[in-house]
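S.K.: Sharing a structure with you now.
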Amino acid sequence: MIELSVSRLNKRFGGNHVLKDISFDIRGAEMVGLIGPNGAGKTTLTNVLDGAVKPNSGTVYLNGTRIDQLPSFEVAKAGLGRTFQVTRSFRRMTVLENLYVPAMAQGRSHKSNEVKEEALEVLDFLTMAHLRNEYARALSGGQQKLLELGRLLMLDPDLIILDEPFAGVHPKLMEVIYEYIRRVNERGKAMIIISHQMDSIFALCKRLLVLNYGDLIADDTPEKVKNDPVVIEAYLGTTEDRSGTGQHDDETRPADG
Amino acid sequence: MQYSSIFWWTILWVVFWGVTGGIGTRRVYLRKDLDTSNATLGGSLIGAAFGPFGLAPLWWKSPEIGRVMITLSSLVVIGIIAVAFANADPENNCVSNGSFVASQITNGLIIGIIYGLMAMGLTLIFSILGIVSFAHGAFYMIGGMLVYYIINVWFPGTHPLIGVLGSCLITFSMGALFERLFLTPMYDGRVERPVEYGILVTFGLSFTLTYLVAALAGFNPVKVKRFFDFPRIRLPDSSDPWLIKTSRGNMELFDTVSISNPRFVAAILSILVLIGLLLFLHRTWTGKGLRAVSQDRDAAAITGINPNRMNMLAFALGCMIAGLSGAVLVQAFSWLPVVGLIPEMRSFVIVVLGGLGSLPGAFVGGTLVGLVEAAGTGCVPNPQKASSYIPAYGMIILTIMLLLRPMGLFGRKFASGAHGKF
Amino acid sequence: MKRQNVPQLLGALIVAFFVAFPFVYSGGNYDYIMHICIIGFFYAILASSWSMLAGYAGQFSFGHMAFMGLGAYTTALFCHYFFISPEPTGICTEFAIGGHYLIVKNPIGVTSTTLTQDCLAQAMDKWNGTVEVTPMPVWLGVILGTIVGGIFGLLIGLLVLRLRAAYLALFTLGFSEILRATISAEIQITRGQAGLELPSLFENGITIAGHFFSKTDKIPPYFVMLFLLLGCLAVLYWLSQSRFGLFVRALREDQDAAAALGVNTTRYKVLVFVVTSSMAALAGTVYAHYVTIITPNNLMILQMSLVVAMAVIAGVESFIAAAIGAILIEFILEMLRTNFSIGGVTVDMTLWRLVFFGIVLMLTLRFARNGLLVPIIDFFTRGHVAAETVARRSDEAADTERRETQS
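Top line first, the protein sequences correspond to chains A, B and C.
Taking this note's numbering, the leading residue of the first sequence gets 1340, the next gets one more, and so forth.
Taking this note's numbering, the leading residue of the second sequence gets 402, the next gets one more, and so forth.
Taking this note's numbering, the leading residue of the third sequence gets -18, the next gets one more, and so forth.
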């Protein structure tokens, strides 16, 4: 049983309070959407959960292990995997090697057939089996995104955070990503999906977290969130932010929208 | 040196508290989630200056560490070291001989100006192209060589300033040509790792140019006569403690400070060039374009500035400035094909000290390094050792600076452009 | 025979060639050619370990030669100052160990050798040949040098953790300059530019397979250096094929992403510094014992440029290519030494060859970013990939088509 519990998480960058007393829990194979206008703190929250950034206060427990003070790689081993907003494949390594990295980081050997077969299976699933020996830099942007998802499958974490998985993806690949998310969820993994594409979020998630300038302003079902006056105000007050799909959030910039 | 143990114990004390302050303050400021960009540098300086008595209140109150605090505590550190040194070695020339000290400081400042000029070329290249040019020393060497060849070999009897001008023109065009031929692939993502590519390709250029000049000109040192003679002055006239006395090759101030003509002329020329450069950067369209690109490449491109043109201009200007500092210094030193190496390292030190990409930083860094080198040459007891250690002084500063505050004294966190990220 | 096997076969041939070379070569200048080979192997160790550091792990360090010098000076100082004697001298610093005495000579610098001898020489004068003083074994110096190189690699690796690209290059350059300046300045101990003399690898000669080789013979150092090179290449190969190789490449590409996938980036970054710098130090110790004198000039930036250029021209992303390239380039550079004259003008090839070398370096960087040898190796090992990809794609397309028509 997967259990993530975040309590009273705070993060400041200088005088800029980016996360204010964030608390929430995820139990079981939940699929949670994390939305909010640009600069709301979504990426910072991901970074804090992932261990790339240390919180100023608050605790994060994953399956009973405290992870908020651990370095990134320990968090990954504890069972939390994430993708990045801007795709970060290992460009000068082959597709297969990209997939071996997380497997080997867990102490498995890439010389064992088991790992190799698993990697090929993952590639099959991502419709990229024919590209296995190509360098990652030869792939299209969407394929690199898939590759990143594939690496997560090899890491096999309990909780996956997807940061903008649909941004700039061809509709055909979008299908594959949908399928991926459903399949991974069926395997009993919990997921947090950050996206600006509301259709996808509403279609996939049964629960939404809404961040606005560091505050967690809503934690409810999509229907309720849609009609929540606070959320509506947060979004309508910053209409121009909604169009900024896939843009780079600059979390350190003071929110002036 | 019978009290030298005092000196070493003091150094040990200062270093110990400096390290403690550097590491501890960062921790403390992180825990209190304050701005840590100055914490390491400030903490270590305060620790070094005041020991536990400085660190305790700092960690207790944790105020914002500003420029004043840093400057003050660094002055105190210098003072402590100076006093310890004076106690340890009272016979030393730079303790007992006041006029020697004044001379060293003046000459340190003068040479520092020229260092600053040269480093400015490097920092200009960095701020626009995002690469560290390892060919900077080669251009410095070529600048000097060209002056020698123009006024002594090719057109004997030409005025030295024409030689300087010619060498500027040639180094400028060499820089522009090199940029067009070798650096263009960096801009459009054709190179996987642009920063490393820039380092390696300029490294190759430096290698090539050095041996090209060696093959053409040989390894014998060449020397250029001083450009100008001082007029004979003695002020006030014929009274004994005079204020200024000049001979053709030397100038003495207040009966104590002696400045050699070539360095003085070089410094004056450097200052003129500096002013010209600043005017160019702040008053002309192209200069403003350059500064705009150095701040935000993409935004500048939107406003109609062609960043590629600016890259070429910046690189060529940077090379020209290196060549120019060589050209004005060729009268002061004897010139060899490998003469550029130490100035190049020094420029690296200066730009890291001042902050890669910061023009005023380069200038301040230059004078600081000039002073440190003057102190080092003057004060280390064994002169033979002192001269061997000169390049190391700067490198020690560089190492310390990189550990304490990698972005330098005046540096921004990163330079502009896609290839400025590192 | 499959195309993929060509490089292995070629590699085996090259190794066989170099093993057989000293016995079959009968041309002129035997010692000179052997010397070039030994120096070539030396550079090959440096270039291949640098390619592991720069090409695999992406740490463009300019301090590699400094580690070489650290190793060389460690063993030089060790052999110069430490001796074992059965009798106490009474004037040196000495420690009793068992029935013997470990003697530390006092440093006397360069100028005073003729005036006042060091304490051991004085003591030996007094003994008048009655006491046999044993110098330290060379192999111990080699091991010590390697360890010191590794320790400094660890320190530098820890210090540069936060630095990237340009700053890393400057920092390592600074480190090597500080080291060079210190060695040139501390004349009392290191004898400065005069250089430290070392015993040669086999000071008393060596007998291999019934044949006696004197200490000036080139064959023993040739094989020592060759096997050292092969050993280093074997270690590098093993590392590159293990998780180490995969992880350092991952952190070269994207440190944060690698960490997010569970790679302990700090550990591997430091580890790659330790491994490569101890290799450089090891090469340095053996080189120092081979040339029997070491001066701070060996740490000059020119030497570092040579290593960098060799690796880059051959292909920095493959240590095998870097090693082969280093040997080839060393040979070409030596062959080009001969001056010649055109129309009465003598062309000084000792300098012009370096000019051409520099131009080749720049052109390689500009037009063949993977180096000149790596594409050849890739042609054999990866040449099939593109065709394979296309074939697989059409297979899959056919598969899906079939599936679609069936359903």
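Every residue gets a Cβ at the ideal spot worked out from N, C-alpha and C, and that includes glycine.
1. Under the DSSP definition of a beta bridge, which residues are partnered with His192 (chain C)?
2. Excluding the 5 residues preceding and the 5 following Ala668 (chain B) in the sequence, name in chain order all residues of the same chain whose CB lies nearer than 7 Å to its CB.
3. Can you pull the chain C residues whose beta carbon is under 8 Å from the beta carbon of Ser789 (chain B), in chain order?
4. Can you check DSSP and say which residues form a bridge with Phe321 (chain C)?
5. Going by beta carbon distance, what residues of the same chain come within less than 8 Å of Leu140 (chain C), once the five residues before and after it are set aside?
6. Does the contact criterion of 3 or more C-beta pairs under 8 Å hold for the segment 1436 to 1449 of chain A versus the segment 1476 to 1492 of chain A?
7. Distance check for Ala520 (chain B) and Val770 (chain B), CA to CA, integer angstroms please.
8. Could you confirm whether any beta carbon from chain B is found closer than 8 Å to the beta carbon of Met291 (chain C)?
9. Looking only at C-alpha atoms, which of B:Gly544, B:Trp686, B:Gly558 sits nearest to Val739 (chain B)?
10. For chain C, find out if any of its Cβ atoms is closer than 8 Å to the Cβ of Tyr1519 (chain A); answer yes or no.
11. Does Tyr1574 (chain A) get closer than 8 Å to chain C when you measure Cβ to Cβ?
12. In angstroms, rounded to a whole number, what distance separates the CA positions of Leu718 (chain B) and Gly522 (chain B)?
13. Taking Cβ-Cβ distances shorter than 8 Å, what residues in chain B pair up with Gly282 (chain C)?
14. Taking only runs that begin and end inside the segment 260 to 327 of chain C, name each unbroken beta strand (DSSP E) of 3 or more residues, in chain order.
15. Residues of chain C with CB closer than 8 Å to the CB of Val533 (chain B), please, in chain order.
16. Anything in chain A within Cβ reach of Asp237 (chain C), meaning under 8 Å, just list it in chain order.
17. Decide if the segment 525 to 538 of chain B is in contact with the segment 704 to 723 of chain B; the criterion is three or more beta carbon pairs, one per stretch, under 8 Å apart.
18. Measuring CB to CB, does Glu774 (chain B) end up less than 8 Å from Gly509 (chain B)?
19. Would Arg143 (chain C) be called buried (16 or more neighbouring beta carbons within 10 Å of its own) or exposed?
20. Pull the bridge partners of His1617 (chain A) from the DSSP assignment, please.
21. Does any C-beta atom of chain C lie closer than 8 Å to the C-beta of Tyr612 (chain B)?
22. Closer than 6 Å by C-beta to Gly419 (chain B): which residues in its own chain qualify, once you throw out the five before and the five after it? Chain order, please.
23. What residues match up with Ile672 (chain B) in a beta bridge as DSSP calls it?
24. Using CA coordinates, which residue listed in C:Gly9, C:Ile20, C:Leu(-9), C:Thr319 is at the minimum distance from Phe204 (chain C)?
25. Compare the C-beta of Lys1416 (chain A) against all C-beta atoms of chain D and say whether one is closer than 8 Å.
26. What does the alpha-carbon distance come out to for the pair Ala503 (chain B) and Val658 (chain B)?
27. Starting from the C-beta of Ala536 (chain B), find all residues in its chain whose C-beta is less than 6 Å away, skip the five residues before and the five after it, and write them out in chain order.
28. Which residues bound the alpha helix (DSSP H) around Leu211 (chain C)?
29. In three-state DSSP terms, what is Met1370 (chain A)?
30. Determine contact between the segment 254 to 269 of chain C and the segment 183 to 199 of chain C, defined as no fewer than three beta-carbon pairs at a distance below 8 Å.
31. Are the beta-carbon atoms belonging to Ser451 (chain C) and Phe300 (chain C) less than 8 Å from one another?
32. Just to confirm my understanding: we take Thr1383 (chain A), look at its own chain, exclude 5 residues before and 5 after, and list those with CB closer than 7 Å. What are they?
33. Run the CB neighbour count on Lys1416 (chain A), radius 10 Å, all protein chains shown included, and call it buried at 16 or more, exposed below.
34. Please report how far the alpha carbon of Arg161 (chain C) lies from the alpha carbon of Leu177 (chain C), in whole angstroms.
35. Just to confirm, are Phe59 (chain C) and Gly122 (chain C) a CB contact at a threshold of 8 Å?
36. Our contact map puts Gly130 (chain C) next to Leu263 (chain C) with C-beta atoms below 8 Å; I'd like the distance itself, whole angstroms only.
M.R.: Walking through what the data contain:
1. Answer by DSSP bridge pairing, in chain order: C:Ile189.
2. Ile511, Ile514, Ile515
3. What Ser789 (chain B) touches in chain C: Ala162, Ser165, Ala166, Gly173.
4. DSSP links Phe321 (chain C) through a beta bridge to C:Val328.
5. Non-local C-beta neighbours of Leu140 (chain C) in its own chain, meaning closer than 8 Å and more than five positions away in sequence, comprise Phe152, ordered along the chain.
6. yes
7. 11 Å
8. no
9. B:Gly544
10. So, not an interface residue.
11. Answer no: the Cβ-Cβ gap between Tyr1574 (chain A) and chain C never drops below 8 Å.
12. 7 Å
13. It is worth fixing the name first, because residue 282 (chain C) is Ile in this sequence and not Gly. In chain order: Leu742.
14. 321 to 323
15. Ala147, Ala150, Leu151
16. Ala1391, Ser1411, Phe1423, Arg1427
17. yes
18. Judged by their CB atoms, Glu774 (chain B) and Gly509 (chain B) are nearer to each other than the 8 Å cut-off.
19. exposed
20. Nothing can be reported for residue 1617 (chain A), as the shown portion of chain A is limited to 1340 through 1596.
21. At a cut-off of 8 Å, the C-beta of Tyr612 (chain B) has a neighbouring C-beta in chain C.
22. Answer for Gly419 (chain B): Ser445, Gly448, Ala449, listed in chain order.
23. BP columns for Ile672 (chain B) are empty, so no partner.
24. C:Ile20
25. You won't find chain D in this structure, because its protein chains are A, B and C.
26. 6 Å
27. Thr603, Leu606, Ser607
28. 200 to 222
29. strand
30. no
31. Nothing can be reported for residue 451 (chain C): it is not among the residues displayed for chain C, which extend from -18 to 388.
32. Lys1350, Val1357, Leu1358, Val1392, Glu1590
33. buried
34. 14 Å
35. yes
36. 7 Å
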